[in-house]
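Heads up, the thing below is written out as structure tokens.
Below, the structure written as structure tokens:
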């Protein structure tokens with residue numbers, strides 16, 4: 001059974017979507033604001049998210065960014081905003097599709113089926129929290145804790161740690177790290193990686209000179225081992 005998370009602060013619309021989707025064989029989770037949406041996504045592991053942009057606590061685009069920090073789940077934006085700038089912003093944040101209110105149920109169902117088909121080849125290993133024996137990386141909240149205390153990271157340090165955490169246990173090539181964290185023009189600046197990995201080890205490893213978690217594969221790349 002396909003699990004759908006529907007996020008909207010309009011009670012009538014939320015109820016109508018829950019009834020219609022349930023009647024068509026979907027398992028439906030609901031949330032009325034951004035904070036509860038992020039929690040529901042982490043706890044419920046939906047197969048697809050239907051998300052309103054105009055939420056009472058945080059903008060839907062921030063919810064998209066929070067989800068994209070740890071999961072590739074398809075996100076269909078459902079919004080009354082018709083300005084093309086809003087659509088572009090949501091898509092750039094990581095949304096997969098955009099449906100404008102008012103909408104037809106048949107159209108939404110078709111978009112849902114298409115989103116689930118496109119995602120059918122992705123794995124089910126998305127996890128918002130990556131725990132090691134020493135520190136915890138919360139990809140949704142974009143923070144790292146050590147002994148229960150949040151460790152301050154610079155945006156670049158976080159970008160590097162996030163990419164390693166999303167690929168935990170797997171080698172991440174030097175060029176991929178440079179391209180995704182710094183940009184394509186830095187593809188050969190491997191000294192950046194050494195500098196920033198050393199900074200991360202100082203902040204996160206029990207013994208930075210003998211790292212347990214942030215490991216180097218000489219000449220190839222780096223790996224996060226829980």
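In UniProt numbering, the protein residues as written are 1 to 226.
Glycine included, C-beta positions come from ideal geometry on N, C-alpha and C.
Looking at the structure shown, is residue 189 part of a helix, part of a strand, or coil, going by DSSP? Shown here, residue 189 sits in coil according to DSSP, grouped into three states, outside any helix or strand.
Can you grab the Cα-Cα spacing for the pair residue 4 / residue 84, in whole Å? Rounded to whole angstroms, the separation of the alpha carbons of residue 84 and residue 4 is 26 Å.
Within a Cβ cutoff of 8 Å, which residues of the same chain sit near residue 94, ignoring the five residues on either side of it in sequence? The beta carbon of residue 94 is closer than 8 Å to those of 64, 65, 67, 68 and 75 in its chain, skipping five residues each way along the sequence.
C-beta contact flag for residue 173 and residue 224 at 7 Å: The Cβ-Cβ distance between residue 173 and residue 224 does not fall below 7 Å.
Is the CB-CB distance between residue 48 and residue 6 below 7 Å? If you check the CB distance, residue 48 and residue 6 do not come in under 7 Å.
Which two residues bound the contiguous beta strand (DSSP E) that contains residue 223? Residues 221-224.
Is the number of C-beta pairs between the stretch 139-154 and the stretch 48-60 that are closer than 8 Å three or more? Taking 8 Å as the limit for Cβ pairs, the verdict is that the stretch 48-60 does not touch the stretch 139-154.
Curious, which full-length beta strand (DSSP E) runs of at least 3 residues does the stretch 139-188 contain? Runs found: 143-146 and 149-151.
For residue 97, which three-state DSSP category applies? DSSP places residue 97 in the strand class (E or B) of the three-state scheme.
Under three-state DSSP, which class holds residue 216? In the three-state reduction of the DSSP assignment, residue 216 falls in the strand class.
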